[in-house]
Structures are given as structure tokens and as C-alpha cells.
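Engineer: This is the structure I want to talk about, given as C-alpha cells.
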Amino acid sequence: MTKQTNKKKKIFLVAIATIVAIILLSFSYFRFSIYHPSESASSIATTATVRNKQVTEFKAKNSKLTVVFYPGALVEPDSYSIWAKKVAQAGYTVKIAHFPMNMAIFEPTIATKLVTRSERYVIGGHSLGGAMAARYVHEHHSANLKGVFFLAAYADEKGRLDKLSVPVLSITASNDGVIKQDKLITGQKYLPKATTFEIIKGGNHAGFGSYGSQKGDHKATISNQKQQQLVADKLISWLTKID
Numbered sequence: 001m002t003k004q005t006n007k008k009k010k011i012f013l014v015a016i017a018t019i020v021a022i023i024l025l026s027f028s029y030f031r032f033s034i035y036h037p038s039e040s041a042s043s044i045a046t047t048a049t050v051r052n053k054q055v056t057e058f059k060a061k062n063s064k065l066t067v068v069f070y071p072g073a074l075v076e077p078d079s080y081s082i083w084a085k086k087v088a089q090a091g092y093t094v095k096i097a098h099f100p101m102n103m104a105i106f107e108p109t110i111a112t113k114l115v116t117r118s119e120r121y122v123i124g125g126h127s128l129g130g131a132m133a134a135r136y137v138h139e140h141h142s143a144n145l146k147g148v149f150f151l152a153a154y155a156d157e158k159g160r161l162d163k164l165s166v167p168v169l170s171i172t173a174s175n176d177g178v179i180k181q182d183k184l185i186t187g188q189k190y191l192p193k194a195t196t197f198e199i200i201k202g203g204n205h206a207g208f209g210s211y212g213s214q215k216g217d218h219k220a221t222i223s224n225q226k227q228q229q230l231v232a233d234k235l236i237s238w239l240t241k242i243d
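Here the sequence shown is numbered in the UniProt record's numbering, starting from 1 and rising by one per residue.
Below you can see the structure in the form of C-alpha cells.
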């Protein structure tokens, strides 16, 4: 074996070792940065109709419409169980999507696996999940789509919905320290003019789920229990107006 061959082999092995190290470090970062559901949210999640690797589903009796929901980045799906169950009790089946490494960006088209061709549905998400839901709609708009909603989220150019004819709801919180306000404002041009905008006074970014505090967020001046109820109330009020 020549010196040249040995040198190439060493370079190859170093490259492989570097790639493996990056993958392991990335995996560790995602694993230890996950936001876990509160005790209350975890408890309610155990009452879900369906709970597997793909979805946490709260099925409503005589469901009027299905609500497909994309969680925020690094937030475990069950963290949204509190308001999801309230919405289901009001007559709307809620399907909280599960994503690889809890990142909607890794499988933004998962909605196609969660609804049937004949199922009427609305879709939305929290934070990054909202942006990915908008991108899904931009690429996969169907006649059964009846609405889009954002929880502390905004649409971008790749997920522009300004030509969409179905109802759109945007709910934000006054004490949100995570969402980028400039992008939130810019994102409004990608939404229909008839979009409904709601603000939860005293609420914060993490309060759209129930998973404790979030890095960079401001302190809420209302309880998480109160914000969960307000999220449910505003969603239900919006859903009742959809044919």
C-alpha cells in the first residue's frame, strides 16, 4: 500500500468520524432540548381516543369537522392535550401530529396521512408548526380544507395563503417573547384580507401548550390553565362559523 493510498484512507476515516460526530451531537441537542408536557397535559393525553407514533387524537362524538394540528418546534405533541380535549368535547375531532425529533419541518406533509379524502378539516399549528401547516396548504390545497389557523405563528412566502378563500384565524399573545414581531407583521401580507386576528392578553408563547417555560419567552400574567381555556374558546368560536 502506497503512502498516497494511506493518506487518502486517513482523510476518508477522519471525514466519516466527523460526520458521525455531527450526527450524534445533533441528536443529543434535539433530545435534550425537548419541551415535555406538564403533568396535567400528560394525564389528559392518556384519555385520547388514539395515541400512537403518528398522532394523538381526541375524537368527538358526531364530529362536525376535524382539526389537524402541528406542534411547535421541539415540543412534545401531548403538551397540547388540554385545549385539544376541550375542542373535541365541543364537537370537533382533534388530531395532533407527531413529527420526527418533534420538528414539523422534517415531515410537513404528514396531514395527508391523518385525514381521509372525504374528511372535512381545518389545519393549523403553533410557532414553527403553524408555518409548516401553511406551507402544506400552499402546496396541497383541497376542496375538503375548510380553514387554517395560527397559534403564535405566521405564514411566509413559501406558505403564502393570500389567495385562499377559506377562513383564516391568527391568535397571538401579548407577552410572547419568542415570536419575531417583525416577521409576524410581514407575514400578514401572505394572509387573506379577511383573516381574523385575536390576541390573548397576558398570555405568552409557551402558554399555547402546557410544557412549562420556554427559552426567551416573557412571563405570562395569566395562568396556563386560563390561557388553555382561552385558546380553546377562541378556536371553538371560530370553528362554529365554518360551514
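The C-beta atom is built at its ideal place from N, Cα and C for all residues, glycine as well.
1) What would DSSP say about N224, mapped onto helix, strand or coil?
2) How far does the alpha helix (DSSP H) with T109 in it extend, from its first residue to its last?
3) Going by Cα to Cα distance, which pick from E39, K86, P37, H36 is closest to Q228?
4) Please classify S26: is it buried, with 16 or more other beta-carbons within 10 angstroms of its beta-carbon, or exposed?
5) Sort out for me which residues DSSP pairs T49 with in a bridge.
6) Assuming G203 and S174 form a contact by the criterion Cβ under 8 Å, report the distance between their Cβ atoms to the nearest whole angstrom.
7) By the three-class DSSP mapping on this structure, what secondary structure does K219 have?
8) Could you tell me the boundaries of the alpha helix (DSSP H) in which T186 lies?
9) With 16 other CB atoms within 10 Å as the buried threshold, where does Y29 fall?
10) Does S237 come out as helix, strand or coil in the three-state DSSP assignment?
11) Taking the straight line between their C-alpha atoms, what separation do you get for Y70 and H218?
12) What does the Cβ neighbour count give for F197, buried or exposed, with the cut at 16 atoms within 10 Å?
13) Can you give me the C-alpha to C-alpha distance between V137 and A155, rounded to a whole angstrom?
14) From which residue to which residue does the alpha helix (DSSP H) around V137 run?
15) Whole angstroms are fine: how far does the CA of F106 sit from the CA of S38?
16) Could you please give the first and the last residue of the uninterrupted alpha helix (DSSP H) stretch that includes S81?
17) Using a threshold of 8 Å, state whether the C-beta atoms of F150 and G130 are closer than that.
18) Between Q54 and chain D, is the shortest Cβ-Cβ distance under 8 Å, so that the two count as touching?
19) Whose C-beta lies closer than 8 Å to the C-beta of H140 among residues of the same chain, with five residues either side of it excluded?
20) Closer than 7 Å by C-beta to K234: which residues in its own chain qualify, once you throw out the five before and the five after it? Chain order, please.
21) Can you tell me which of the three DSSP states Y121 falls into?
Structural biologist: Quick answer:
1) helix
2) Note, T109: premise wrong, no alpha helix (DSSP H); not H, not E.
3) K86
4) The predicted model places S26 with a pLDDT of 40, which falls under 50 and marks its position as unreliable, so this point remains unresolved.
5) In DSSP, T49 forms no bridge with anything.
6) 7 Å
7) coil
8) 181-187
9) With a pLDDT of 42 at Y29, under the threshold of 50, the modelled position of this residue cannot be trusted; read the value that follows with caution. Counting Cβ neighbours within 10 Å, Y29 comes out exposed, since fewer than 16 surround it.
10) helix
11) 23 Å
12) exposed
13) 11 Å
14) 128-140
15) 25 Å
16) 81-89
17) yes
18) No chain D is part of this structure, which consists of one protein chain only.
19) T109, A111, T112
20) I171, E198
21) strand
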